[in-house]
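**Q** My questions will all concern the structure given below.
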Amino acid sequence: MFKIRFGIPEMEKFWNDLVSSKKDGSISKEDEKLFKLFGKAIRFLASNPRHPGLNSHEIDSLTKR
């Protein structure tokens, strides 16, 4: 298992905000979808950085932010 480090502090804060919103139930539907996609990508990176699912597409809503 690899340890994931976010390259810039804003990404770590963004992820922590998503997690806390999810925990207290105040997450919007749009952010819920992003949480699932982003979480899945992080799990793939942690288990296998060369996972084929990581090459398939870009997360548009994350790119826009």
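Each position in the sequence shown, counted from 1, maps to that position plus 565 in the numbering used here. Glycine residues also receive a C-beta, built at the ideal position from the N, C-alpha and C atoms. Please read all numbers here as calculations on a predicted model, not as lab measurements.
Anyone know if the C-beta pair for LYS601 and SER626 falls short of 9 Å?
**A** No, the Cβ-Cβ distance between LYS601 and SER626 is not below 9 Å.
**Q** Do you know whose CA, among PHE579, ILE573 and GLU575, lies nearest GLY604's CA?
**A** The shortest Cα separation from GLY604 among PHE579, ILE573 and GLU575 belongs to PHE579.
**Q** Which residue marks the beginning of the alpha helix (DSSP H) containing PHE571, and which one marks its end?
**A** Run containing PHE571: none; DSSP gives neither H nor E here.
**Q** Within the continuous alpha helix (DSSP H) that includes LEU599, where are the two ends?
**A** Element bounds for LEU599: 594-612.
**Q** Pick helix, strand or coil for SER591, following the three-state DSSP scheme.
**A** Of the three classes helix, strand and coil, the one that applies to SER591 here is coil, per DSSP.
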